[in-house]
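FYI, numbering that gives the first Met the number 0 numbers position 3 of the sequence shown as 2, with every residue one higher than the one before it. In what follows, a structure is listed as structure tokens, so that the remarks can point back to it.
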Amino acid sequence: MMKTILLVEGDATNRKLVRVVLGDKKRYRILEAANAGEAMEQLGSMKPDLLLLDIRLDEGNGMEVIRVARSDRPCDEVPAVAITAEAMKNDEKRFLAAGFDGYLSKPVDIRRLQEMVERFINEGRKAAYA
0 MMKTILLVEG
10 DATNRKLVRV
20 VLGDKKRYRI
30 LEAANAGEAM
40 EQLGSMKPDL
50 LLLDIRLDEG
60 NGMEVIRVAR
70 SDRPCDEVPA
80 VAITAEAMKN
90 DEKRFLAAGF
100 DGYLSKPVDI
110 RRLQEMVERF
120 INEGRKAAYA
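Here it is in structure tokens:
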């Protein structure tokens, strides 16, 4: 069965890049949201296998989305990766403490994105502690 990834990214070009990189082998179904409101609406009606969340969105932010996802079953067990241009020393710790399981800084390293997606899709949230 094809695994579903909810990609929450404000920039259309970045959404297309992730869709091309991850969707090329038809292994993942990629659903997209351009802002926090769209993401929360989709999370209210489905449970993805992985969340890829941009932190800075035009409307809302990834921190709001992860807070809602972590407080609401069944999405509280969905692994989530923060994707952000915020790459200061303590940012990764801050995102992990907020409920994210992984962290990628922009510009995104494609190989690292693919590896992280594969790991979380196969192992779930426990992959964060491996």
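Beta carbons: idealized from backbone N, C-alpha and C, even for Gly.
Please list the terminal residues of the continuous beta strand (DSSP E) segment that includes residue i.
i, result
"V80", "79-83"
"G101", "101-104"
"I29", "27-32"
"V116", "Note, V116: premise wrong, no beta strand (DSSP E); alpha helix (DSSP H) at 109-122."
If we ignore side chains and look at the alpha-carbon of each, how far apart do residue i and residue j end up?
i, j, result
"V105", "A127", "It is worth fixing the name first, because residue 105 is Lys in this sequence and not Val. Distance between the alpha carbons of K105 and A127 is about 20 Å."
"R18", "I29", "7 Å"
So, is residue i buried or exposed, given that buried needs 16 or more other C-beta atoms within 10 angstroms?
i, result
"N89", "exposed"
"D48", "buried"
"R66", "exposed"
"D75", "exposed"
Any heavy atom of the ligand HEM inside 6 Å of the beta-carbon of residue i?
i, result
"G36", "With respect to the ligand HEM, the structure shown offers nothing to examine, as it has no ligands at all."
Go to residue i, then tell me how far its alpha helix (DSSP H) extends in each direction, as first and last residue.
i, result
"K92", "90-97"
"L56", "L56 -> no alpha helix (DSSP H), and no H or E assigned at all."
"K15", "11-22"
"E63", "61-69"
Cβ atoms of residue j and residue i: under 7 Å apart, would you say?
i, j, result
"G101", "M87", "no"
"K46", "I120", "no"
"A35", "G59", "yes"
"G123", "P73", "no"
"L6", "E31", "yes"
"R69", "G98", "yes"
"A38", "V64", "yes"
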